[in-house]
Amino acid sequence: MLLTLRDLRATRRRPGPRRVKAVLLAAALSTCLVAADAPPAPLGVGDRLFPQLGNPGYDVASYDLSFTYSGDNSEPLKAVTTIDAWTTAPLERVNLDFAHGDVESVEVDGEPAAFAGAGEDLVVTPARRLPGGRWMRITVRHTSDPTPDTGRDGGWVRTADGLAMANQADAAHLVFPCNDHPSDKAMFTIRVTAPEGYTAVANGLPAGAERVGRTTTWTYRTQHPMATELAQVSIGRSSIPRRTGPHRLPLRDVVPVKDRARLERWLKKTPDQIAWMESKVGRYPFETYGLLMAEADTGFELETQTLSLFESDLFTEPAYPEWYVDSIMVHELSHQWFGDSVSPRTWSDLWLNEGHATWYEALYAEEHADRPLQARMKAAYSVSDRWRAAGGPPAAPEPPAAGQKIGIFRANVYDGAALVLYALRQTIGRPAFERLERVWVREHRDSTASTSDFVQLASDISGRDLSSFFRAWLYGATTPPMPGHPDWTSTGPGKAAGARR
Ligand SMILES: [Zn+2]
20 MLLTLRDLRA TRRRPGPRRV KAVLLAAALS TCLVAADAPP APLGVGDRLF PQLGNPGYDV
80 ASYDLSFTYS GDNSEPLKAV TTIDAWTTAP LERVNLDFAH GDVESVEVDG EPAAFAGAGE
140 DLVVTPARRL PGGRWMRITV RHTSDPTPDT GRDGGWVRTA DGLAMANQAD AAHLVFPCND
200 HPSDKAMFTI RVTAPEGYTA VANGLPAGAE RVGRTTTWTY RTQHPMATEL AQVSIGRSSI
260 PRRTGPHRLP LRDVVPVKDR ARLERWLKKT PDQIAWMESK VGRYPFETYG LLMAEADTGF
320 ELETQTLSLF ESDLFTEPAY PEWYVDSIMV HELSHQWFGD SVSPRTWSDL WLNEGHATWY
380 EALYAEEHAD RPLQARMKAA YSVSDRWRAA GGPPAAPEPP AAGQKIGIFR ANVYDGAALV
440 LYALRQTIGR PAFERLERVW VREHRDSTAS TSDFVQLASD ISGRDLSSFF RAWLYGATTP
500 PMPGHPDWTS TGPGKAAGAR R
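See the structure below:
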């Protein structure tokens, strides 16, 4: 994710009171096949920043999501979510994350199951206890509400001509029932039925379009596992320009039909940007790529897997310099390696996503627009102590404000984390740093990785124990001295005005 300049003020907005409406239908008595011993309770996987995201006891292998769109983006979509998962423990109940739609029915392995809402969980009680170490299939018939709840950012983004999705960090379960934590990646099949005149696009490659009467059902499939926060579904009056990237990689963008011609000058940059990233870190990790340019006022851009979401204004507003827009395109592109293919084990590992994306964003600007990385890093260093005081150190960010999905996306996980990478390069040297970057995305491809994995790999590759270096840079209350730049200083809190970019 990257906040756009003009919307940085949004991060300073005070959130309203959190009022999560109970929208789940209570289980009808007739469907309560098993009397629960205790009331259903929300569970989580223990993420420090989002304690109730994710659920224990199972590992999702695949999601099959079906959405039916009416043509009105303020009306709930009809949806069916089918989850194939492996139980890792015996389960009396299965908790899913889901909090913004009505549930009509739940089946477990084809049999009706009881269900109830608890917090932001949908708690499913199957007819029989599920043993550990076996497959289960859960089918939920529900609605998916594109209008945000009061005081809570939604996953759906309403655009001028339909819908897009922006689930990072904790909003996928406002769209579909899921195990909503990046540590449980899965394959996705996404089907969208929409009326004539609309085009639907989702992550991965197309797997058919079937027309019945005046509606079409589009199907897309991922060829790599994906975190729920990276799901994307675009429904709109869209044009799909196609082109070919390096190694014959199929590229497709999604743009408003009326803007296709004037957006082309940006879209055609993607093949060279992918080639540039490949020259830095190795082969592009997925089956396709493209930009989704949505007419929406999100205030951020988002690296949804294989199809990054951008506000179309970013490309049509003349106030943004070309180098800035280019570097944002590269920011989201580099996330396909850093954040998507290698996704964070916990949300405290977010600095690995944003630090790397900021690094390549800045490196691209240095190489293509004569904007020195070192100057940017020096500027970041000067305010780093303030960032640490305001939002926590890079690898231990403070918890987000309730209901704000951009709440943990503070300067310290962007330029503050890129600064850690700069300090690392100053310490281990350019060749070892560049090798680390390549090995990191190769070794953890299609998987999740943690801060300690990065510390370990950096130590292995440089041949020195970097644990105390990283402890100070990632977890310290103040910024350590910058290797090679003893003259750099960081102004502590309350001493100077903070810099924002
Ligand atoms: Zn980002």
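Under our numbering, the first residue of the sequence shown carries the number 20, and numbering increases by one thereafter.
Even for Gly, the Cβ is constructed at its ideal location relative to N, Cα and C.
Backbone CA spacing between residue i and residue j [nearest angstrom]
i, j, result
"Q475", "T467", "15 Å"
"E229", "T238", "9 Å"
"S471", "E385", "30 Å"
"R233", "F86", "16 Å"
"F329", "S253", "12 Å"
"D389", "G65", "44 Å"
"A518", "V402", "Legend: pLDDT at A518 = 39, less than 50; position of this residue unreliable, value from coordinates given subsequently. Rounded to whole angstroms, A518 to V402 spans 7 Å at the Cα level."
"W175", "G422", "14 Å"
"R67", "A137", "20 Å"
"R210", "K97", "12 Å"
"Q71", "E373", "23 Å"
"K204", "R405", "35 Å"
"A221", "P269", "15 Å"
"D180", "E314", "8 Å"
"Y308", "D484", "37 Å"
"R520", "T335", "Only weak support exists for where R520 lies, its pLDDT of 38 falling under 50; the value from the coordinates is given anyway. Whole-angstrom Cα-Cα distance: 20 Å."
"V125", "G358", "32 Å"
"L321", "E456", "22 Å"
"G495", "P412", "6 Å"
"A294", "A135", "49 Å"
"S257", "I102", "29 Å"
Residues bridged to residue i (per DSSP)
i, result
"K181", "In the sequence as presented, Lys is not what sits at residue 181; that position holds Gly. Note: G181 sits in a beta bridge opposite T178."
"E123", "DSSP lists no partner for E123."
"D140", "D116, A137"
"H192", "H192 is not bridged to any residue."
"T162", "K97"
"L328", "L311, L321"
"E130", "V127"
"L21", "E320"
Endpoints, the alpha helix (DSSP H) within which residue i is located
i, result
"P290", "289 to 300"
"H350", "341 to 354"
"G374", "369 to 388"
"L392", "392 to 410"
"F117", "Note, F117: premise wrong, no alpha helix (DSSP H); not H, not E."
"S487", "486 to 494"
Segment limits, beta strand (DSSP E) that includes residue i
i, result
"T335", "No beta strand (DSSP E) holds T335; the alpha helix (DSSP H) holding it covers 332 to 335."
"R312", "The residue asked about is misnamed: residue 312 is Met in this sequence, not Arg. Element bounds for M312: 310 to 313."
"P304", "P304 -> no beta strand (DSSP E), and no H or E assigned at all."
"P505", "Taken as a continuous stretch (DSSP letters only), P505 belongs to no beta strand (DSSP E), as it is neither H nor E."
"S362", "361 to 363"
Min CB distance residue i to chain C below 9 Å
i, result
"G170", "Absent from the structure is chain C; it holds one protein chain and no more."
Residue nearest to residue i in terms of C-alpha spacing, selected from the options
i, options, result
"A408", "V274, A430, A398, R364", "A430"
"M348", "H504, L382, Y82, D506", "L382"
"R147", "V113, D180, T335, N186", "V113"
"M312", "R271, P95, Q242, P109", "R271"
"V127", "T100, E139, G255", "T100"
"M155", "P145, H161, S163", "P145"
"P304", "E215, L326, L321, D479", "L326"
With a floor of 3 residues, list each beta strand (DSSP E) that falls wholly inside the region 420 to 472, ordered by position along the chain.
466 to 468
Counting only runs that start and end within the region 199 to 286, where is the alpha helix (DSSP H) found for 4 or more residues in a row?
279 to 286
Within the region 45 to 106, ranges of the beta strand (DSSP E) (whole runs, at least 3 residues):
77 to 87, 96 to 106
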